[in-house]
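Going left to right, the sequence shown walks through residues -21 to -1, 1 to 178 as mature numbering (1 follows the signal peptide of the UniProt record, and there is no 0) numbers them.
Every residue gets a Cβ at the ideal spot worked out from N, C-alpha and C, and that includes glycine.
Below is one structure, written out as structure tokens; comments come after it.
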Amino acid sequence: MKLRHLVLAASAALLSLGLSAAPQVGAPAPDFTVVDTKGASHSLSDFAGKNVVLEWTNHDCPFVVKHYSGNMQALQSDLTGQDVVWLTVISSAPGKQGHVSPAKADELTASRDAAPTAVVFDESGVVGKAYDAKTTPHMYVIDKAGVLQYMGGIDSIPSAKVDDISKATPLFANAAKAVLAGGKPDPAVTKPYGCSIKY
């Protein structure tokens, strides 16, 4: 009987851990520490008092290529120009498609005229899993108080066609605009689309 109770208690503990790990809009965003292409460490708590964007990426993904035809760079420039911290996150594990060296990541940033605050690595997948990041791109907006305000797709048309960008509802951009204005995004959770993250 005691063994059965122990097993049930352990199962309940594991279940609660799993549930507590899932990100919730309106709740504090999971803290993390990551290293960027220059070897500098960044923790979410370092950016208290600033709005933060997390963008999951994989340079070889056609959906990422679509948005790096100019859309993502424009969003990065616009938001970082308004003192938003933009972290581009690479969660591809070593040996998996999309994994790059720091030098290659910097080369990609320069060649695409990208303008994030930093490109950071999550090789263990710990950060991606804490945020339940599923696709590239997958977008998140965290407000100045460290509260997760948006998670989901970059826009409303799940295609790899550049022409669709202008036709789509800019879900992420609208959410970021709402947060910068001190409001709440509506919708606050949308379905992301893209390539699966290669954990």
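Query: Given this structure, state the Cα-to-Cα distance separating Val36 from Ser90, to the nearest angstrom.; Result: The residue you asked about is not Val; residue 36 is Thr in the sequence shown. Each residue's Cα considered, the two are about 16 Å apart.
Query: Consult DSSP for Ser175 and reduce its assignment to one of helix, strand or coil.; Result: strand
Query: Kindly indicate which residue of Ala6, Ala53 and Lys113 has the alpha-carbon position closest to the one of Val68.; Result: Lys113
Query: Can you name the residues that DSSP bridges to Ala97?; Result: Leu66
Query: Taking 8 Å as the cut-off, decide whether the C-beta atoms of Asp15 and Val98 are in contact.; Result: yes
Query: Closest by CA to Gln61, which one among Gly49, Thr96 and Asp101?; Result: Thr96
Query: Is it buried or exposed, Lys83, if we count other Cβ atoms within 10 angstroms and call 16 or more buried?; Result: exposed
Query: Looking at the strands, I want to know which residues DSSP matches up with Leu127.; Result: Ile121
Query: Within its chain, find whatever has a CB closer than 6 Å to the CB of Ile144; leave out the 5 residues flanking it on each side and keep chain order.; Result: Asn50
Query: What does the alpha-carbon distance come out to for the pair Gly104 and Tyr129?; Result: 20 Å
Query: Sort Ser135, Ala6, Pro73 and Asp101 by Cα distance to Pro171 and report the nearest one.; Result: Ser135
Query: Identify, in the order they occur along the chain, each residue of the same chain with its Cβ nearer than 7 Å to the Cβ of Thr169, setting aside the five sequence neighbours on each side.; Result: Gly131, Gly132 and Leu150
Query: Any idea if Gln55 is buried or exposed, counting beta-carbon neighbours within 10 angstroms, 16 or more meaning buried?; Result: buried
Query: Examine the ligand GTP and report whether any of its heavy atoms sits within less than 7 Å of the Cβ of Val63.; Result: This structure simply doesn't include the ligand GTP, nor any ligand for that matter.
Query: Buried or exposed, going by whether 16 or more other CB atoms sit within 10 Å of the CB of Gly107?; Result: buried
Query: Tell me, please, whether the stretch 72 to 80 touches the stretch 25 to 32 by the rule of three or more beta-carbon pairs shorter than 8 Å.; Result: no
Query: Using 10 angstroms around the beta-carbon of residue 179, count the other beta-carbons present and answer buried if the total reaches 16, otherwise exposed.; Result: With the chain covering -21 to 178 only, the question about residue 179 has no answer from this structure.
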